[in-house]
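Trainee:
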Amino acid sequence: MTSAPPSTLDHERVGCPAAEPRGTAPLRRSHTDWRAWGAFALLAGPLLIGLGLFKYVAIGWSFLLSLSEARGTISLGHWVGLDNYQTLLSDAVFRKSLGQILLFTVFIVPLTFAASLGLALLVHRIRRGRAVLRTAFLIPAAVSYVAASLLWKMSLFNGLPSGIANTLGGWFGMDAQPWLQTTSPPLYWVALVTLRLWLQVGFYMVLFLAGLQGIPKEMYEAAALDGATGLRLLRRITLPMLRNTSVAVLMLQFIAAFQAFDEFYNLFNSGQSGGSGAPVRTPLGYLYDTAMGSQNYGLGSAGAFVLTALIVCVTLIQGRITGFGKGEE
Numbered sequence: 136m137t138s139a140p141p142s143t144l145d146h147e148r149v150g151c152p153a154a155e156p157r158g159t160a161p162l163r164r165s166h167t168d169w170r171a172w173g174a175f176a177l178l179a180g181p182l183l184i185g186l187g188l189f190k191y192v193a194i195g196w197s198f199l200l201s202l203s204e205a206r207g208t209i210s211l212g213h214w215v216g217l218d219n220y221q222t223l224l225s226d227a228v229f230r231k232s233l234g235q236i237l238l239f240t241v242f243i244v245p246l247t248f249a250a251s252l253g254l255a256l257l258v259h260r261i262r263r264g265r266a267v268l269r270t271a272f273l274i275p276a277a278v279s280y281v282a283a284s285l286l287w288k289m290s291l292f293n294g295l296p297s298g299i300a301n302t303l304g305g306w307f308g309m310d311a312q313p314w315l316q317t318t319s320p321p322l323y324w325v326a327l328v329t330l331r332l333w334l335q336v337g338f339y340m341v342l343f344l345a346g347l348q349g350i351p352k353e354m355y356e357a358a359a360l361d362g363a364t365g366l367r368l369l370r371r372i373t374l375p376m377l378r379n380t381s382v383a384v385l386m387l388q389f390i391a392a393f394q395a396f397d398e399f400y401n402l403f404n405s406g407q408s409g410g411s412g413a414p415v416r417t418p419l420g421y422l423y424d425t426a427m428g429s430q431n432y433g434l435g436s437a438g439a440f441v442l443t444a445l446i447v448c449v450t451l452i453q454g455r456i457t458g459f460g461k462g463e464e
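One point on numbering: in this note's numbering, the residue at position 44 of the sequence shown is 179, and numbering is uninterrupted.
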């Protein structure tokens, strides 16, 4: 007794697809959409050429300059190897500028982080006027560092008794202070830190606001049912859920702090090169004076790579400590 061949219904019943009849399989051909490739080349080609020419080629040329004696010209001069790096690191002025920018970073990063997070929590919680406050805090981020520095220097901390800082201090019985003209005590740090806070807090507040809006409300509702309120909600839900945003903000703040230049230059140098009388000078200020003032492009290029290596190392250490790039646990 012979059994009948399984029908299509039998295949569906056991969960197996029915076999395709012979001769009806689709013919697969490799097809290249040349029109799409042409459109991609037309749109991305100029960008890639410009990126390679003005960024990567420039970086490579700058590295070659750092290994040569290039004074008064950007052409490759006498090959000196690592002498420029040795000269730079043995210069006490450059080492002092590194120490000053590290000190500035230690102060400005925690202050900016705490202020931007606090403002984001405040703006996120209020129900009325949220858009107005968000715009008001964000507007300073659109102001250029040069304009803000001149405003700080000429109006707030000009040292005159009628200046805004001295007027506010006078309300509390404080004598008029030459904020930017004295080094003992170093009151100029007040102007530098407040200026950087005013310019950057609004931008990082927006990043934190985006993170806060991504936290599901159900988590807060479930925690409220368990009796969690106030600081407990902040510590158990808000801060852990903002972990990735916090790590990214810290990284951006570290990089921005090490790249500080405009406010230091405009507050102390009055728009003139040199800056010998400035009480504090950043590494970028030192490199600007070396390359643009002394026309020593080899030494300036070496300093640029030293500063870049320092920023990369600090960023990697910070990313390693905070777990940047790791997924949610």
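All residues carry an ideal CB built from backbone N, CA and C; glycine is no exception. Just so you know, these numbers come straight off a predicted model, no measurement behind them.
(1) Between the beta-carbon of F403 and the beta-carbon of Y323, is there less than 9 Å?
(2) Can you pull the DSSP bridge partners for S436?
(3) Where does S203 fall in DSSP's three states?
(4) Among the candidates G264, T443, A249 and G433, whose CA atom is the shortest distance from the CA of W214?
(5) Taking DSSP as the reference, what is the three-state secondary structure of N431?
(6) Comparing C-alpha positions only, which one of N301, V328, F198 and W333 sits nearest to G212?
(7) Within its chain, find whatever has a CB closer than 8 Å to the CB of T380; leave out the 5 residues flanking it on each side and keep chain order.
(8) With DSSP collapsed to three states, give me the class of H259.
(9) Could you tell me the alpha carbon to alpha carbon distance between Y355 and Y339, rounded to whole angstroms?
(10) Looking at the secondary structure, which residues open and close the alpha helix (DSSP H) in which V382 lies?
(11) When you compare the region 262-275 with the region 329-337, are there three or more beta-carbon pairs, one atom per stretch, that lie closer than 8 Å?
(12) How many Å lie between A179 and K288 at the Cα?
(13) What separation, rounded to the nearest whole angstrom, lies between the Cα atoms of D168 and L177?
(14) Taking the C-alpha atoms as reference points, what is the distance between F132 and S284?
(15) Is there contact here, the region 372-386 with the region 243-257, by at least three beta-carbon pairs under 8 Å?
(16) With burial defined as no fewer than 16 other Cβ atoms inside 10 Å of the residue's Cβ, what is the status of F229: buried or exposed?
(17) Thinking just about the alpha-carbon of each residue, which of H166, G365, Y220 and T457 is nearest to the one in R260?
(18) Buried or exposed for P418, going by 16 or more other Cβ atoms inside 10 Å?
(19) Name, in chain order, the residues that DSSP records as bridge partners for W214.
(20) Look at the alpha carbon of Q268 and the alpha carbon of L256, and state the distance between them as a whole number of angstroms.
(21) May I ask which residues mark the beginning and end of the alpha helix (DSSP H) holding R371?
(22) Output the boundary residues of the alpha helix (DSSP H) element that contains M354.
(23) Tell me whether L377 is buried or exposed, calling it buried when 16 or more other Cβ atoms sit within 10 Å of its Cβ.
(24) Quick one: what's got a C-beta closer than 7 Å to R148's C-beta in the same chain, skipping five residues either side?
(25) The alpha helix (DSSP H) that contains I299, what's its start and end?
(26) In the structure shown, what three-state DSSP assignment does M309 receive?
(27) Please classify V281: does DSSP put it in a helix, a strand, or coil?
(28) Take L286 as the anchor and find which of T329, F242, G207 and G349 has the nearest alpha-carbon.
(29) On the three-state DSSP scale, how would you describe T425?
(30) Would you kindly report the start and end of the unbroken alpha helix (DSSP H) that includes V267?
(31) Using the Cα positions of Q453 and I446, report the straight-line distance between them to the nearest angstrom.
(32) Here's a check: name, in chain order, each residue in its chain whose Cβ is nearer than 6 Å to the Cβ of Q388, leaving out the five neighbours to either side.
(33) May I ask you to report which of helix, strand or coil DSSP gives R331?
Mentor: Short version:
(1) In contact: F403 and Y323 (Cβ atoms closer than 9 Å).
(2) Per DSSP, none; premise fails for S436.
(3) strand
(4) G433
(5) strand
(6) Among N301, V328, F198 and W333, the Cα nearest to that of G212 belongs to F198.
(7) L342, F343, A345 and G346
(8) Three-state DSSP puts H259 in a helix.
(9) 24 Å
(10) Unbroken alpha helix (DSSP H) run through V382: R378 to F393.
(11) yes
(12) 44 Å
(13) In a straight line, the C-alpha of D168 is about 14 Å away from that of L177.
(14) Residue 132 lies beyond the range of the chain shown here (136 to 464); nothing can be said about it.
(15) Verdict: yes, contact present.
(16) buried
(17) Closest option to R260, Cα to Cα, is G365.
(18) buried
(19) S203
(20) A small fix is needed here, since residue 268 is Leu in this sequence, not Gln. Roughly 12 Å separates the two Cα atoms.
(21) No alpha helix (DSSP H) contains R371, which DSSP labels as neither H nor E.
(22) Residues K352 to L360.
(23) buried
(24) Caution is warranted here: a pLDDT of 46 is assigned to R148, below 50, making its placement in the model unreliable, and no coordinate value can be reported.
(25) I299 to W306
(26) coil
(27) helix
(28) T329
(29) helix
(30) R265 to L273
(31) A straight-line Cα-Cα distance of about 10 Å links Q453 and I446.
(32) V244 and T247
(33) helix
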